[in-house]
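Per this note's numbering, residue 7 is the first one in the sequence shown, and the count goes up by one each step.
In what follows, a single structure is set out as structure tokens and then discussed.
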Amino acid sequence: MPIDDANLLRVLAEVLVRQAHPTEVDDMGRVMTPAFKSSKRHDFSLSVTMSSQIDPRLATKQFLKLDLLTHSAWGVSVEEFHSVGMKAYNDPDAQIDAHAVVDQKPLGSSALKKAATRLGEYARSRGCLCIASEIVDPDPTAPTVDATSS
Numbered sequence: 007m008p009i010d011d012a013n014l015l016r017v018l019a020e021v022l023v024r025q026a027h028p029t030e031v032d033d034m035g036r037v038m039t040p041a042f043k044s045s046k047r048h049d050f051s052l053s054v055t056m057s058s059q060i061d062p063r064l065a066t067k068q069f070l071k072l073d074l075l076t077h078s079a080w081g082v083s084v085e086e087f088h089s090v091g092m093k094a095y096n097d098p099d100a101q102i103d104a105h106a107v108v109d110q111k112p113l114g115s116s117a118l119k120k121a122a123t124r125l126g127e128y129a130r131s132r133g134c135l136c137i138a139s140e141i142v143d144p145d146p147t148a149p150t151v152d153a154t155s156s
């Protein structure tokens, strides 16, 4: 993972797109705090894509093609991540185009929970960027129904 000054994202207006797992979205379709809180299992880093380099819909499509599960895509700017004590880094070696990571290691457990809550607020205020079920390609091998036959 490229956590170094050479890979630091410096454009504060850059919107980073986070894929929310179905368990990270409430019954109303809104992203919840857990989508923005990483764990030791993920080295306290959030996986995101840079919207200036790949459209959120295309990023979601790539995510699904890797057999990764997502409900929807949500955006938080580099500046908003900075405001809660996190920095984002370009990750050019990743399997996903325009991939980046947000380093959460500098935050303690309590600060991370508060930061994740705030990031969720930022994302909800921006609104959902893409709903995965709306872009899934139809299965070309699935049987079709001919609407002209009775």
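Using N, Cα and C, we set each Cβ at its ideal position, and we do this for glycine too.
9 angstroms Cβ cutoff met for residue i and residue j
{"i": "residue 19", "j": "residue 89", "result": "no"}
{"i": "residue 56", "j": "residue 13", "result": "no"}
{"i": "residue 58", "j": "residue 107", "result": "no"}
{"i": "residue 102", "j": "residue 72", "result": "yes"}
Status (buried if at least 16 other CB within 10 Å, exposed otherwise) for residue i
{"i": "residue 153", "result": "With a pLDDT of only 42 at residue 153, under the threshold of 50, the placement of this residue in the model should not be trusted; the figure read from the coordinates follows. Exposed, because fewer than 16 other Cβ atoms sit within 10 Å of the Cβ of residue 153."}
{"i": "residue 26", "result": "buried"}
{"i": "residue 94", "result": "buried"}
{"i": "residue 105", "result": "buried"}
{"i": "residue 92", "result": "buried"}
{"i": "residue 126", "result": "buried"}
{"i": "residue 62", "result": "buried"}
{"i": "residue 17", "result": "exposed"}
{"i": "residue 15", "result": "buried"}
{"i": "residue 86", "result": "buried"}
{"i": "residue 140", "result": "exposed"}
DSSP-derived helix/strand/coil call for residue i
{"i": "residue 113", "result": "coil"}
{"i": "residue 106", "result": "strand"}
{"i": "residue 120", "result": "helix"}
{"i": "residue 137", "result": "strand"}
{"i": "residue 84", "result": "helix"}
{"i": "residue 43", "result": "coil"}
{"i": "residue 76", "result": "coil"}
Close beta carbons around residue i, own chain, < 7 angstroms, minus the five adjacent residues each side
{"i": "residue 137", "result": "78"}
{"i": "residue 50", "result": "44, 110, 111"}
{"i": "residue 68", "result": "102, 103"}
{"i": "residue 38", "result": "30, 31, 32, 126"}
Sequence-distant residues of the same chain with beta carbon closer than 6 angstroms to residue i, five excluded per side
{"i": "residue 65", "result": "23, 55"}
{"i": "residue 149", "result": "The predicted model places residue 149 with a pLDDT of 49, which falls under 50 and marks its position as unreliable, so this point remains unresolved."}
{"i": "residue 21", "result": "57, 81, 83"}
{"i": "residue 40", "result": "30"}
Mind the definition here: the segment 22–38 touches the segment 70–87 only if three or more C-beta pairs lie below 8 angstroms; say whether that holds.
yes
For the segment 129–137 and the segment 101–121, state whether three or more C-beta atom pairs, one from each stretch, are separated by less than 8 angstroms.
no
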